[in-house]
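Residue numbers (our numbering): 119 to 870.
Heads up: the structure comes next, in structure tokens.
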């Protein structure tokens with residue numbers, strides 16, 4: 119039983135439909151109303167009853183369908199066919215028809231076509247685009263339809279605007295596309311010969327011009343070797359002629375066109391006028407004639423006969439076989455070698471040397487490795503020393519020396535490169551600081567404490583005295599910053615005075631600064647680290663040199679060192695630093711206090727002071743709060759996304775990568791310390807780490823400025839409070855004297 123035709127009981131085709139546009143079916147044509155939209159659909163693009171609409175544009179190939187429109191799917195895609203058409207020629211004696219080759223392009227996006235004929239030289243026919251890009255209708259009686267992709271095939275004829283074209287071939291893209299569309303392509307068709315074109319080819323081949331054009335292509339050589347010049351240093355020995363002497367020359371060989379130019383080196387006060395060039399740039403013949411020929415005397419061809427002509431005047435018969443041509447041999451790059459000779463129009467020029475580019479060229483091109491220069495002149499005499507007057511006492515010694523070097527005195531130049539390299543950069547001060555005391559018999563001056571600062575950028579020294587309560591001496595600046603001369607030098611002398619350098623400052627050294635003697639007692643951690651990192655500049659901080667000194671001492675002293683170290687602590691392998699220092703200083707090994715301290719630092723037991731985790735989290739939150747870092751939720755999502763197994767832990771490398779990706783504004787040493795506190799092996803609990811540094815939800819008590827500065831500075835200057843307490847003498851014996859430490863039997867090291 120059918121349902122009643124009521125709303126809700128019958129299917130509605132208009133449901134989920136969004137387009138209800140109407141097509142225009144009626145219009146006026148020449149003032150007459152008529153039906154013009156018989157091929158247009160109804161409302162919303164639906165076909166009318168009994169209506170069939172033919173597709174206007176090309177369809178997609180099978181298996182390559184897409185929901186994109188044709189103007190997007192087939193953008194910049196065109197089918198290319200090779201074709202020809204036959205054109206009748208009227209009232210012509212040499213030809214009755216003409217075969218014209220062309221190419222047909224079919225654009226898939228809108229079914230437009232274009233016919234292009236390639237242009238031929240001296241054809242006399244308007245060529246190029248024969249049919250502009252447009253949609254072309256089919257021949258009658260189907261002129262209401264247009265060509266589409268299925269109308270094309272090889273070895274068939276097509277009528278385009280009353281002109282019949284025969285398709286002969288297509289490209290690979292067209293062949294693949296039509297095959298996917300299901301079109302069975304025919305075999306390629308041959309192109310018939312054009313009688314007039316064959317006639318012209320025969321005429322051109324039979325032509326023998328009286329003066330054929332010979333092409334000398336040198337463009338490739340020019341493009342490959344442009345601006346590449348070989349440079350040779352030569353000489354010409356002209357001493358046998360009257361008033362002749364040795365002439366120095368520079369030979370330039372241009373690889374772009376194989377030409378040579380020679381320049382003469384004229385020294386000052388030689389008595390010769392300077393000329394622009396010894397030989398102008400040209401090709402240099404190997405065998406120069408006895409007499410140079412005039413321009414036009416040497417030609418490539420020979421005139422056999424001259425006869426008059428009524429139409430062209432005088433005509434010439436040239437020798438096409440070139441029987442009278444003169445073939446000259448010119449110098450090439452393979453003929454120029456160090457030690458060889460070059461005939462420069464009768465002058466014997468010897469090649470003495472060449473530059474580095476020329477040497478590299480001959481190594482790579484010809485495999486020549488011997489470039490021993492030819493010595494043709496005595497070495498230049500040393501310049502006489504210019505005596506410098508002694509220092510007169512006015513200004514500095516550098517100022518007095520500058521006034522002697524020229525009429526216009528210039529200020530002395532400072533070492534700008536050293537200043538830029540060693541100047542203060544961020545937290546790297548490049549200043550070496552030492553604690554010192556005054557060497558004197560006065561009891562008051564003996565207790566005074568000084569800080570000597572050496573500035574590496576300009577080798578200047580400043581002395582500052584620490585103020586002490588109830589000492590009776592005012593502290594402050596003791597010596598202003600400046601360069602200090604070494605004592606024991608004459609004041610009025612010609613040579614520049616020697617000043618203190620960074621190598622003169624080490625622990626245990628005694629400096630005489632303006633008649634005041636200071637002994638260096640200690641230094642800070644930054645100075646130790648700087649001197650150890652630049653051990654090639656500071657021999658006192660070079661562990662290799664110190665160990666070499668110990669290995670060179672006699673065997674008796676080495677035995678005493680082993681006995682003392684073994685008897686002081688036979689079980690643990692460590693002894694106090696004071697005992698270690700007293701041993702080395704008492705044996706008179708030639709080591710200074712600084713070298714002993716560097717050696718002890720190398721084999722020391724250095725303990726870092728423990729840092730509270732709560733203090734580290736407080737400092738981290740203080741950094742994040744000052745930088746207004748509010749990307750912790752995004753970091754949590756990144757950690758969760760990276761945790762594929764949902765374990766709540768990530769490796770240290772992955773955690774550090776995410777922190778760097780979000781540019782977490784924490785110092786490197788503070789971040790490394792926090793990651794080590796939250797690490798369980800190589801895995802880090804990232805939830806606890808993020809909760810600890812979350813300054814918005816889990817706030818910590820405020821921190822002091824010195825705590826923040828401590829973590830901010832330690833990354834560059836090392837841990838503060840690190841001192842040498844105990845020395846690992848077992849490792850010391852093994853590295854210096856190659857003696858292993860036996861913990862069970864310490865007497866073994868003694869008896870060895």
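Yeah, the Cβ is synthetic: ideal placement off N, Cα and C, and Gly gets one too.
Since this is a predicted model, take the numbers as computed values, not measurements.
- Under DSSP, the beta-bridge partners assigned to residue 423 are 435.
- Residue 402: not part of any alpha helix (DSSP H); DSSP gives it neither H nor E.
- In the DSSP assignment, residue 471 forms a beta bridge with 351.
- When C-alpha distances from residue 682 are compared across 700, 317 and 282, the shortest belongs to 700.
- Membership of residue 766 in any alpha helix (DSSP H) is not indicated, and neither H nor E is assigned to it by DSSP.
- Residue 146 is classed as exposed because its beta carbon has fewer than 16 other beta carbons within 10 Å across all chains shown.
- By the C-beta density criterion, residue 535 is exposed, having fewer than 16 other C-beta atoms within 10 angstroms.
- Judged by beta-carbon spacing, residue 527 lies within the 7 Å limit of residue 520, meaning their Cβ atoms are closer than that value.
- Excluding sequence positions up to five before and after residue 842, its CB lies within less than 8 Å of the CB of 695, 715, 718, 719, 722 and 724, all in the same chain and listed in chain order.
- Residue 590 is classed as exposed because its beta carbon has fewer than 16 other beta carbons within 10 Å across all chains shown.
- Assigned with DSSP and collapsed to three states, residue 621 falls in helix.
- Less than 7 Å separates the beta-carbon of residue 793 from that of residue 770.
- Rounded to whole angstroms, residue 252 and residue 482 show a C-alpha spacing of 59 Å.
- A distance below 7 Å separates the beta carbons of residue 491 and residue 470.
- Scanning the region 536–623 for uninterrupted beta strand (DSSP E) segments of 3 residues or longer gives 549–556, 567–573, 578–583 and 594–600, listed from N- to C-terminal end.
- Taken through DSSP and simplified to helix, strand or coil, residue 661 comes out as helix.
- For the options 662, 817 and 799, the alpha carbon positioned closest to that of residue 736 is the one of 817.
- Excluding the 5 residues flanking it on each side, residue 306 has same chain C-beta neighbours closer than 8 Å at 272, 273, 286 and 287, in chain order.
- Residue 371 has 348 and 378 as its beta-bridge partners, per DSSP.
- DSSP places residue 791 outside any beta strand (DSSP E); the residue lies instead in the alpha helix (DSSP H), whose first and last residues are 786–795.
- DSSP places residue 759 outside any beta strand (DSSP E); the residue lies instead in the alpha helix (DSSP H), whose first and last residues are 750–760.
- Residue nearest to residue 411 within the set 553, 446 and 234 is 446 (criterion: CA-CA distance).
- Pairing residue 685 with residue 559, the inter-Cα distance amounts to about 39 Å.
- Between residue 638 and residue 620 a beta carbon distance of about 12 Å is seen, past the 8 Å cut, so the two are scored as non-contacting.
- The shortest CA-to-CA distance from residue 532 to any of 705, 575 and 744 is the one to 575.
- Residue state for residue 682 is assigned as helix, using DSSP reduced to three classes.
- Listed as beta-bridge partners of residue 491 by DSSP are no residues whatsoever.
- With a cut-off of 8 Å on Cβ pairs, the region 642–650 is in contact with the region 544–553, counting three or more such pairs.
- Proximity to residue 607 across 598, 702 and 617 peaks at 617, based on C-alpha coordinates.
- In this structure residue 443 is exposed. Its beta-carbon is surrounded by fewer than 16 other beta-carbon atoms within 10 angstroms.
- The C-beta distance from residue 853 to residue 665 rounds to 7 Å, short enough to fall under 8 Å.
- In this structure, the beta-carbon distance from residue 155 to residue 139 does not fall below 7 Å.
- Contact check for residue 612 and residue 506: beta-carbon distance about 4 Å, within the 8 Å limit, so the pair qualifies.
- Annotation: the continuous beta strand (DSSP E) that includes residue 277 extends over 274–278.
- In this structure, the straight-line span from the alpha carbon of residue 381 to that of residue 467 is close to 12 Å.
- Counting C-beta atoms within 10 angstroms of its own C-beta, residue 337 has fewer than 16 neighbours from the protein chains shown and is therefore classed as exposed.
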